[in-house]
Amino acid sequence: MNMWRFTSFRKQLLAAFGGIGVLVMIMLLLGNQIAGVSIKQFTRLISDQVQVLASANDLHLRIGRLRLVEIELANLTDYFAVANELQTLNRQITEFQRELELFEQQQQYASGAVMRSLGRSWELYRQDLQVVSGYAKKMQMGEAIRVSSFQSVLHFKDIQLQLQAVSSSMKQAVQQAYLRTEQEQQQLRSGFTLVSLLGLFVVISFVVLFSRSLSRRVISLRDAAERVSRGFTHSPIHVDGNDELASLAAAFNQMQQQVQSRERALTEAHDTLEMRVEHRTRELNASNQHLQQEMDERRRVEISLKLLSQAMEQSPVGVFIADIKGRIEYVNDAFVKSLGYHSAALTGESFLLLIQKAIPRDVTRELIATINAGQEWRGEVEVRLEGGVFEWMSLRIAPVKSADRQITHFLAIKEDVTVRKQQEAKILYQAQFDSLTDLPNRALALDRLSHSMVAAERHGSKVVLMFLDLDDFKKINDSLGHEIGDKLLMQAAARLKQAVRKSDTVARQGGDEFLVILDGLTTGADAEPVVENILKSFNCSFLVDGHDLVVTPSIGLAVYPEDGEDPGKLLRNADLAMYQAKEDGRNTFHFYNRMIHDHSLQRLELERELRHALEREEMELYYQPLFDIKSRKLVGAEALIRWNSRAFGLVSPNHFIGLAEQTGLIVQLGEWAMQHACQQACLWQNLLPDFLMSINVSPRQFRGGFITGTILRSLKQSLFPINQLQIEVTEGLLIRNLPEVQEALTTLDRLGVRLAMDDFGTGYSSLSYLKNFPFHTLKIDRSFINDMTDDPDYRTIVSAAISMGRALGLSLVAEGVETEQQLAILTEEGCQTAQGFLFGKPVPAAEFSDRWMEGEVDDVVGGAV
Amino acid sequence: MTPVSARKRKQFGGFLLLCLLLSAHVVYAGEQATRAALLVRELIARGEISPGSTLRLMVKQGNIANFLGTESELKARWERLTGTFLDARVMPQLASHEFISNGTDVDLTIARNREYPDLVRAGLLNDLTPLMQRFGFSLPEDAVSGYLLARLQAYFDGRVYAIPADGDVALLYLRRDLLEDEENRRAFQQQYGEPLQAPETWDDYLRLAAFFNHPEAGFYGALEPREPLTAWMYWMPRYASQAVPNQYLFDDRMRPLIASPAGIRATENFIRTVPYSPPDILGAGKDYSYTLPFFFNGKGFATIITLAGAKLFNLDSSPVKGKFSAVPMPGSRVADTLVRRSTLIYGNNLVIPSSSRQPLLAFLFAMWVTDPEVSLHAVGVQAGFADPFRYSHLDDPRIKQVYTAEVLAVLGRSLADVVPAGTGLPGDDEYIAVLNQQLWRAAKGELSAAVAMEQTAEAWNRITDRYGREEQIRYWRQIRGLYPHTAHE
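Note that the protein sequences, when read in sequence, are chains A and B. Residue numbers for the first sequence follow numbering that gives the first Met the number 0, so the first one is 0 and each next one is one higher. Residue numbers for the second sequence follow numbering that gives the first Met the number 0, so the first one is 0 and each next one is one higher.
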């Protein structure tokens, strides 16, 4: 052990554990070797035992099966199965023979005598089986049974006995082998146990010696350290050995000396410090008393402020405080919630910017001016909140001044007055609108009428007031009840609103009376289409709670300013006109002004007649000749429609063409005129091959894109050449620049139809039309031709128009040529074609033929002049 | 494995299987067998047959080798091709009716031709017609590879109930060496004034039996069983040949025709063989197992047995090997026409009991094992009594080696003479039992032939009435249509 003291602990421990490890490994290897030998012995023993027993058992089974087949063969009644059984028997014999030989080779336990005896028995039994087989082959089953029952059975039993003897012999041999193996293993186990005990003793001895050496010196060190820790000084401990523990003991002795010297210095410093602390403590007690007084005071102030703050926070009135620059320093919950913001988002924001976003600019300007002047501002404004919601709020912003009267902050107080405002609006609505029909009531209607009258005064327009009463409404009300009556009024109101323009006012006067205000009209007659719409809208019956009700209106109309200059008078006159309509038979209207009324009736009558004019063959085409100015020869004609009404006689185109356009009848009239003009032109084309037929086409005919088809149909039916047909359109058609018009004109041009711009100079006379549309001809309006001889300006215009037309490659036609002087000017200016009374007025076809298709033009013209 | 890859693998596996089966077709089996095996695989894939199913086949001790093959070669092939198992067992010695009605663990078994009506009537057999239609099988009768007597072996009441697997037509076996023996020929000529030759009529047969009968030397002229269970088999050829084209058992109203001169003649001829037979020939249970060893061991001149007899007599262990002949069954001369008739005396054909748990597998195995080529391996087995049942068997060298070409040729010529087994009617067991009993009693001398026939006819009328005459008439019209239409000579 002394040698160990001069080496380090680490080496000592490594050497010790290494030795123990080697010892354990030796023991493990030894144990494993012993176990392996033991297992092999047992495995061999068991394998031999099992194999031999299995072979013996297999022989038992096979000899049993063989016997069974033998018996089955001998007892067969079906001779056809004999061959099969013989095959089976022979196979079994062969297999048993092979197994027996194998058994003899492998076995080592049975005695040779036993095995020889077994072989002899098997040989005898096999001979018996051959005998049985032979009888079976000859179908001598009786003999086969005899041999099987009395002869072969003995040999079969011998084999069984021999096999049992072999088995017994094997069992004894196996048992002895088992005992020998067991003894060998017992010896191995004893040796291993002895070696294991020896190794264990060595390990324990080493551990005890080593731990005793270590613990003695460690305990010596521990005791010295405890003494030092308790403050006892001690002489240096004994240093023994040369390892880590010896070094530790030397270091401990050195440390003990240092501790003793420092302890003395500390004792002196402690005494000095004690004195200083006592002095300082007295000073601190005085300061604490003063601080406690100040803290009490501050706590009282904080409580007060907290109370005020809580009151502000929980106030239902919105409050914020902003500094002098408008930055919000405080805002309470009520204000934040009302605006839909977060308090954090508002703090630091400029309240002026916030306000500018929410309220009108002029109000903002007024507010800023007021508070900058140091005054309080109050107002009610509708504010748009986050999310697009509007809210009415009462806002009060006042400056906060310091003790020296300087503005330091602004205080704003906000109150939600939305509910009050909504209630006010509701009251106002109820005061102005009828609760049943949701229409404006009489008061609002009169107010709006006043406004309309003021506007009409300013713009020089007309206002028409309709007074409408439902015929026989009272009977319905009395017979079916007020509830039905009310529902009928609601439906009637709805129909009225649909029948008028959106800008018009429909109001309920009371009961079954309604007012309709039409403003912005040029004449009182402009109200007629609206009146007709209203009458039409009542043509269908009303279905109310299963009742099919027919109600018609009687309408009186009064026109401002002719029929009254104040609302009351206009209303009264409209009422009177309504009663007149009742007297006229109801379901009609009546103007308070007699002239307007008569005109209106006449127009309606005219429309009724016009609708039947074609079927009554009251329409007729007149033709006005077109002449070449230079040659003075007929080149064509313009077809003009005339109406010879049975009721009104010959009606001027100025009267019925406009009406036909308004009612849409112009489409039928136009198609009729196109067909007849083309048919007539085809007849004349036989006499004058280049005959040109010019026909006016209304803008209304272009709607729906049917015009092209109409023209092509007419040409096809008449066989008139397409390039000799000219259609005349006015600028009015082109103003709206509709795609369908553009498309129709382009198509007609592509097909070869000539296009002429009629009445050039009376409208916008835009050159762009001539450029953008495929015109061939320009017809200069008669008004320029009439006056050009007297007015140089008109001549200049005509001259310019002709020059422009020529420059654009257009043919020029002068309309309304009545004098030779006019013709001379046109000749001089270079106009190619003319029409007018100088050449001939429009006449029926027969007369046209007589006058121009069968004589010289010069004569005719001369005659006409 | 993903479902897709699993499907692909399955498809690939199917392709491999198809290739395997096609190659098997080329080497071993015909189209019928290939299709049957493929169908088993397909039904397994579709879940109609469980993978690894076991088909329980129960047949007789004498023909189990016909279904398993030599060294169970057919069994192994079937199991390899289909992935199913075949459990073949020997059935107990019971009549089919009793065995099938009590058996619950049988999927496929055998039944004799005349047993179908009663089995069907008792609801014990599966109707195979739907399976034939479903799987596209038929029972062809073409002369190349068709079934020899499918109409007699497979059908009842227009439906298929059995797959033919054994052509048990009765033939007459004679000692050819004795017929050809010069001394015998001279003696016979001297005794009867006619040449010694194979018999044409039943009377000729009786003369031969008498001529060759030497009981003192343990040699007998006629080795036909005369016991009470199988008498009808030896009486029926005699009876049916008594008229042209046939002597029927019943008239159109199911009135028995056996109590007639024809019936009496047939019965008397049946009885007259008894003196030329071994001493215990009238003993109960002395069926062919009693008579066969006599002929096998060269102790008799003539015997009547199915084609399988040739298989035994041709064994090396038989003293008569090379000395015997099979000839067409003798007939009766009616006016100038010789009418020969034979019948199916046993016939073990495959049927599927109603209690079968694997009817699909059983049917497909039946189609497989009776395939023209596979069945060559079945019929060609030495150790089994199943006889040729297809035309292809008659020309096969292996079958010829087992049966001899001469015997197979005689069978081919006799096919046109075969009448249905038994009565072919519901109640056949009862009809035949009465006939057997009366024939036995007549053979024992207890009754005359005429009385035996009269009593049999009376009993038959009672049986017919019990089963319903009109219904029996309907069946009889079908059976009657299966009789031969012409006589050969």
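Glycine is no exception: its CB is placed at the ideal position from the N, C-alpha and C atoms.
- Per DSSP, the unbroken alpha helix (DSSP H) holding D485 (chain A) starts and ends at 481-498.
- Three or more pairs of CB atoms, one per stretch, sit closer than 8 angstroms, so the stretch 661-672 of chain A contacts the stretch 692-709 of chain A.
- For E140 (chain B), the closest C-alpha among the options B:G308, B:F134, B:L148 is that of B:L148.
- For a Cβ distance threshold of 9 angstroms, residue set A64, T69, E70, Q381, A382 of chain B lies close to Q86 (chain A), ordered along the chain.
- With a threshold of 8 angstroms between beta carbons, L424 (chain B) makes no contact with chain A.
- Taking T53 (chain B) as reference, the option from B:V105, B:Q189, B:L38 with the minimal CA-CA separation is B:V105.
- Nearest CB-CB separation between N83 (chain A) and chain B: below the 8 angstroms threshold.
- For G61 (chain B), the nearest beta carbon of chain A is closer than 8 angstroms to its own beta carbon.
- With contacts defined as CB atoms closer than 8 angstroms, Q437 (chain B) and T422 (chain B) fail to qualify as a contacting pair.
- Between S349 (chain A) and N331 (chain A), the C-beta gap is not smaller than 8 angstroms, which leaves the two residues out of contact.
- Residue contact check for D77 (chain A) against chain B: a CB pair falls below 8 angstroms.
- Think of a sphere of 8 angstroms around the beta carbon of A283 (chain B): no beta carbon from chain A falls inside it, the nearest being about 14 angstroms out.
- In summary, L435 (chain A) is exposed, with fewer than 16 beta-carbon neighbours lying within 10 Å of its beta-carbon over all protein chains present.
- Between the stretch 678-691 of chain A and the stretch 618-635 of chain A, the count of Cβ pairs shorter than 8 angstroms is three or higher; the stretches touch.
- Inter-residue distance for N183 (chain B) and L306 (chain B) is about 27 angstroms (C-alpha atoms, whole angstroms).
- Relative to the Cα of W234 (chain B), the nearest Cα in the group B:R479, B:L481, B:G220, B:I257 belongs to B:I257.
- If you check the CB distance, N435 (chain B) and P116 (chain B) do not come in under 8 angstroms.
- Not one beta carbon of chain A lies nearer than 8 angstroms to the beta carbon of L256 (chain B).
- Bounds of the alpha helix (DSSP H) holding G198 (chain A) are 151-228.
- Buried is the label assigned to P327 (chain B), since at least 16 other Cβ atoms lie within 10 Å of its Cβ.
- Non-local C-beta neighbours of K298 (chain B) in its own chain, meaning closer than 6 angstroms and more than five positions away in sequence, comprise G217, F218, ordered along the chain.
- The three-state reading of DSSP puts T504 (chain A) in strand, counting E and B together.
- When rounded, the separation of the alpha-carbon atoms in G68 (chain B) and V368 (chain B) is 10 angstroms.
- Per the DSSP secondary-structure output, E727 (chain A) pairs in a beta bridge with A:N695, A:A755.
- Residues of chain A with a Cβ closer than 9 angstroms to the Cβ of L311 (chain B) are, in chain order, Y78, F79, V81, A82, M138.
- The continuous beta strand (DSSP E) containing S331 (chain B) extends over residues 330-333.
- In this structure the stretch 132-143 of chain A touches the stretch 74-81 of chain A; the number of beta carbon pairs closer than 8 angstroms is three or more.
- Taking the beta carbon of S288 (chain B) as reference, the chain A residues within 8 angstroms of it are T76, D77, Y78, listed in sequence order.
- Comparing alpha-carbon positions, the option among A:E262, A:F200, A:L244, A:V206 lying closest to R229 (chain A) turns out to be A:E262.
- One alpha carbon belongs to R271 (chain B), the other to R225 (chain B), and they sit about 11 angstroms apart.
- Distance from the Cα of L394 (chain A) is smallest, within the candidate group A:G704, A:T363, A:L649, A:I406, for A:T363.
- When the Cα atoms are used, F472 (chain A) and F466 (chain A) turn out to be separated by approximately 15 angstroms.
- DSSP places K778 (chain A) inside the beta strand (DSSP E), whose first and last residues are 776-779.
- Taking 8 angstroms as the CB threshold, S316 (chain B) lines the interface with chain A.
- In the three-state DSSP reduction, I475 (chain A) falls in the helix class (H, G or I).
- Between N65 (chain B) and G282 (chain B) the beta-carbon gap is near 30 angstroms, outside 8 angstroms, which marks them as no contact.
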